[in-house]
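Residue numbers (the numbering used here), protein chains in the order written: chain X, 1438 to 1581; chain B, 1438 to 1581; chain A, 1438 to 1581; chain V, 1438 to 1581; chain W, 1438 to 1581; chain S, 1438 to 1581.
Heads up, the beta-carbon is just placed ideally off N, CA and C, and yes, glycines get one too.
Notes to accompany the following structure.
6 protein chains.
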Amino acid sequence: MVDVGQKPETDRMARAEAFVEMDPSTLQLICDRKIAKGDVFEIARLAGIMATKRTPELIPLCHALGLDSAHVDFEVLEPNRIRIESAVTVHARTGVEMEALTAVSVAGLTIYDMCKSVDRGMSITNLRLLEKQGGKSGHFLREE
Amino acid sequence: MVDVGQKPETDRMARAEAFVEMDPSTLQLICDRKIAKGDVFEIARLAGIMATKRTPELIPLCHALGLDSAHVDFEVLEPNRIRIESAVTVHARTGVEMEALTAVSVAGLTIYDMCKSVDRGMSITNLRLLEKQGGKSGHFLREE
Amino acid sequence: MVDVGQKPETDRMARAEAFVEMDPSTLQLICDRKIAKGDVFEIARLAGIMATKRTPELIPLCHALGLDSAHVDFEVLEPNRIRIESAVTVHARTGVEMEALTAVSVAGLTIYDMCKSVDRGMSITNLRLLEKQGGKSGHFLREE
Amino acid sequence: MVDVGQKPETDRMARAEAFVEMDPSTLQLICDRKIAKGDVFEIARLAGIMATKRTPELIPLCHALGLDSAHVDFEVLEPNRIRIESAVTVHARTGVEMEALTAVSVAGLTIYDMCKSVDRGMSITNLRLLEKQGGKSGHFLREE
Amino acid sequence: MVDVGQKPETDRMARAEAFVEMDPSTLQLICDRKIAKGDVFEIARLAGIMATKRTPELIPLCHALGLDSAHVDFEVLEPNRIRIESAVTVHARTGVEMEALTAVSVAGLTIYDMCKSVDRGMSITNLRLLEKQGGKSGHFLREE
Amino acid sequence: MVDVGQKPETDRMARAEAFVEMDPSTLQLICDRKIAKGDVFEIARLAGIMATKRTPELIPLCHALGLDSAHVDFEVLEPNRIRIESAVTVHARTGVEMEALTAVSVAGLTIYDMCKSVDRGMSITNLRLLEKQGGKSGHFLREE
């Protein structure tokens, strides 16, 4: 685990996104709250937020940080996709890109888990960093 | 967490895949073992395998299972992609699709973490189930 | 951790309950889905279910079991109480009383966490086992 | 997880309590150190302290904090109750009410676990916050 | 994680030991229950037992098993050593050597933690497997 | 968990070591990368680093700290020993001796796990603190 001890504590932020592709009928079931296991968006949102707190356990060389905030949101992209976006902030010596990426990843996996009995062919795609701020490497904003 | 108590214990298997897209120069650094943080394939493989054991903590409604085996492998797809494939087996009342998907997800995130200082634009894509066997829903094999 | 190796694997079930007492205005906010942090019932339900999987980490001498099912439900008792009930099943050599009790405990604590900014005086009370089945000690049913 | 990044780091403290009600003969066994699983007070104390470190994993929207101290103590209330009190301190941007409440909750559950073979009817009651200090909402002291 | 799916479930047992060497005055403080942090034997015993349940999280390629029993005991070897012995049993497809070794290791580290303010020079030594039973490789008994 | 709230945050460092003794033929297999489970040094190094992040979960009265760095290295001591050395740093109110000791302990256990099928008689020995800096108790350097 690389030494971040000489870096100053600064405000840091990271945003990430991912897309879950599915059968249009599956998206309809989700939006109609007809998935038997429960409210897909609410449970996936919670799973994503909780995963930000587990990130250093999952990613071997990732530093443990006490996060200031974590958010996960969803956008329905008719007819067959859900876009997940996360935002994480911290006041620390290193960044939170991995926490933001882990959040959208686990939120996407949770959507899969809740819908897999009706659609095993779902896929998660374009999981990537959208933006990061703070730290020596400065501002990163993904160009579309 | 749905009741699986009436299901018989059977041999179950799941395989999943994901692709990490990056700059060709990043892939070169990985293959040349020149990433400063360590051997990317070895560390990502281990992170993926260990993640199979944490899956029920991450995915809220996923059952805890004592896995029989877990494997994660990598394929370099010149000039700019790595393909990750996982395989998980268990003798249990429910399947291991989520464990296989979590393995490729965390392996991909670990690749990102190890290379992010040289390539913040990397993305994980086409994360999906390849095959599952065992259980009432039978055999699933993804058609290409 | 006492030896359960000589006990037979049998079907086991446990149910527990707890009550959260609060200001009537707090209960109104919960039922109207006006608590700023999110849907209290949905999040507390999930927290309770997930806690069943962490029980052996929390309770020092508790055996780790692969649960077959876990459920947490809520009942609004006007004007100022919520009743939480959990049910857990397993096919194992020892029982799931602690998992059922941990579920209602963590669900109750989560309700507190989500509402504490408006009502710090909330309390959890009458947290207890309602029923257990299976195992040498037989059937336990709480008498009211 | 709400944003605490703009709050100042201040000294914070929280105290909580809970009561375990049992058969008088059970309390006698505990006080005589005759419970077969071990010293109930010592083990429950440790379980409660360790639970303060797991609180953000259990309570979905709770921030992870590096605690400065955690204490759990017991008071025997003849003929049939044990009172548990916890105290937790931190220098942080948000409070430790949930850590203090989780400590008494897990300590109480551990007492139940250690004595359940002799007294399944035990209950945990009046689990509540006694006091908190620090932070914008100021001092809270429970009135009896 | 190697495939154990074809192995039969059998009764398995493992015992391990380790020695903690310290200043004779430290051993005296422990035996007199004068270490400020608490009862060293009781807390180290509990830490060792709980560590058996975390072993698959710590040892990357170790299978998760639902243990049947775990015990940790101590022997005072005047004038300057404590001997720790663990015993773990399971009915499973693979053995519990790592659980037994992890138990004595974490029990030893906990002794160090509790006494380090008076004796930083303590060391853990001769941490090793004493015996294993069950499985294809048969009986192993360490020869002195 | 003792109160560290009044201590100042200072730079702290700890180094620890342990030795794994084995059959000379086992050491040869490790150095020749012929152990079937994978690269022993790479996997044990990662396990040791990851264990520094789990230390407060394992050691009951240990404070949770956000580490600045963690390193684990190996030295082959022909004909039959591997020396493990860890170094951990933090900017905090309390030290990281336990993290450094846990790192060498878990790295040693992982070496055992990977080689146990060929050499069950391996032992871990002389696990001890080499140095600590920072904090009121000042500099500790082990004398040989």
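Taking 7 Å as the CB-CB limit, is residue 1510 of chain A close to chain B?
no
Just checking: is the beta-carbon of residue 1461 of chain A within a distance shorter than 7 Å of some beta-carbon in chain W?
No - not a single Cβ of chain W is within 7 Å of the one on residue 1461 of chain A.
Taking DSSP as the reference, what is the three-state secondary structure of residue 1380 of chain S?
The question about residue 1380 of chain S has no answer, for chain S in this structure spans 1438 to 1581.
With DSSP as the reference, please indicate the residues paired to residue 1578 of chain W in a beta bridge.
W/1568
Just list the residues that DSSP pairs residue 1513 of chain V with in beta bridges.
Under the DSSP definition of a beta bridge, residue 1513 of chain V partners with V/1519.
CA-to-CA distance, residue 1438 of chain B to residue 1505 of chain A, given in whole angstroms:
8 Å
Answer with buried or exposed for residue 1550 of chain B, where buried requires no fewer than 16 other C-beta atoms within 10 angstroms of its C-beta.
buried
Output needed for residue 1548 of chain W: all residues of its chain with C-beta closer than 7 Å, excluding positions within five of it in sequence on either side, in chain order.
1457, 1477, 1481, 1519
Sorted by chain position, which residues of the same chain lie with C-beta nearer than 6 Å to residue 1560 of chain B's C-beta, five sequence neighbours on each side aside?
The beta carbon of residue 1560 of chain B is closer than 6 Å to those of 1458 in its chain, skipping five residues each way along the sequence.
Quick check: the region 1466-1473 of chain B against the region 1462-1479 of chain W, are there 3 or more CB pairs under 8 Å?
At 8 Å Cβ cutoff, the stretches do not touch.
From what residue to what residue does the beta strand (DSSP E) around residue 1559 of chain W run?
First-last for residue 1559 of chain W: undefined, no H or E at that position.
Can you confirm whether the region 1507-1524 of chain S touches the region 1537-1547 of chain S when touching is taken to mean that 3 or more C-beta pairs between the two stretches lie within less than 8 Å?
yes
Residue 1497 of chain V to residue 1581 of chain S span [Cα, whole Å]
Between residue 1497 of chain V and residue 1581 of chain S, the alpha-carbon positions lie close to 49 Å from each other.
Residues in the same chain with beta-carbon distance under 6 Å from residue 1582 of chain W, minus the five sequence neighbours each way, listed in chain order, please.
Nothing about residue 1582 of chain W can be read from this structure; chain W reaches only from 1438 to 1581.
Within 7 Å of any Cβ in chain V, is that where the Cβ of residue 1442 of chain S sits?
yes
Of all the CB atoms in chain B, is at least one closer than 7 Å to the CB of residue 1478 of chain X?
no
May I ask which residues mark the beginning and end of the beta strand (DSSP E) holding residue 1534 of chain A?
No beta strand (DSSP E) contains residue 1534 of chain A, which is instead part of the alpha helix (DSSP H) from 1534-1552.
Kindly say whether residue 1537 of chain A, judged by its beta-carbon, lies nearer than 7 Å to any beta-carbon of chain W.
no
Mind listing which residues of the region 1488-1519 of chain X have their C-beta closer than 8 Å to chain B's C-betas, in chain order?
1488, 1491, 1494, 1495, 1496, 1497, 1498, 1499
Taking just the CA atoms, how far does residue 1557 of chain W sit from residue 1564 of chain W?
19 Å
Proximity to residue 1500 of chain V [Cα-Cα], best of V/1515, V/1488, V/1530, V/1574:
V/1530
Buried or exposed for residue 1461 of chain B, please, with buried defined as at least 16 other CB atoms from any protein chain shown within 10 angstroms of its CB.
exposed
Would you tell me roughly how many angstroms separate the C-alpha atoms of residue 1566 of chain X and residue 1487 of chain X, rounded to the nearest one?
19 Å
Please confirm if residue 1483 of chain W has its CB atom under 7 Å from at least one CB of chain E.
This model lacks chain E altogether, as its protein chains are X, B, A, V, W and S.
Output yes or no for whether 7 Å exceeds the beta carbon distance between residue 1554 of chain S and residue 1537 of chain S.
It is not a contact, given that the beta carbons lie outside the stated cut-off.
Got a sec: which bits of the region 1547-1578 of chain A sit with their beta carbon under 7 Å from any beta carbon on chain B, in order along the chain?
none
Looking only at DSSP bridge pairs, what is residue 1449 of chain W linked to?
W/1527
Judging by CA-CA distance, which residue of A/1446, A/1454, A/1442, A/1443 is the nearest neighbour of residue 1579 of chain A?
A/1454
With DSSP run on the structure shown, which of helix, strand or coil describes residue 1439 of chain A?
coil
Taking the alpha helix (DSSP H) that residue 1464 of chain A falls in, what are its first and last residues?
1461-1468
Identity of the residue in X/1491, X/1489, X/1552, X/1562 nearest residue 1463 of chain X by Cα:
X/1552
Measure the C-alpha to C-alpha separation of residue 1446 of chain V and residue 1516 of chain S and round it to an integer number of angstroms.
54 Å
For residue 1493 of chain V, which residues of its own chain have a beta-carbon under 6 Å away from its beta-carbon, when the five flanking residues on both sides are left out?
1499, 1501
Spatial neighbours of residue 1489 of chain A in its chain, beta-carbon cut-off 7 Å, leaving aside the 5 residues before and after
1504, 1507, 1525, 1536, 1539, 1540
Please name the residue or residues paired with residue 1455 of chain W in a DSSP beta bridge.
W/1521
Excluding the five sequence neighbours on either side, which residues of its own chain have a C-beta within less than 8 Å of the C-beta of residue 1442 of chain A, listed in chain order?
1530
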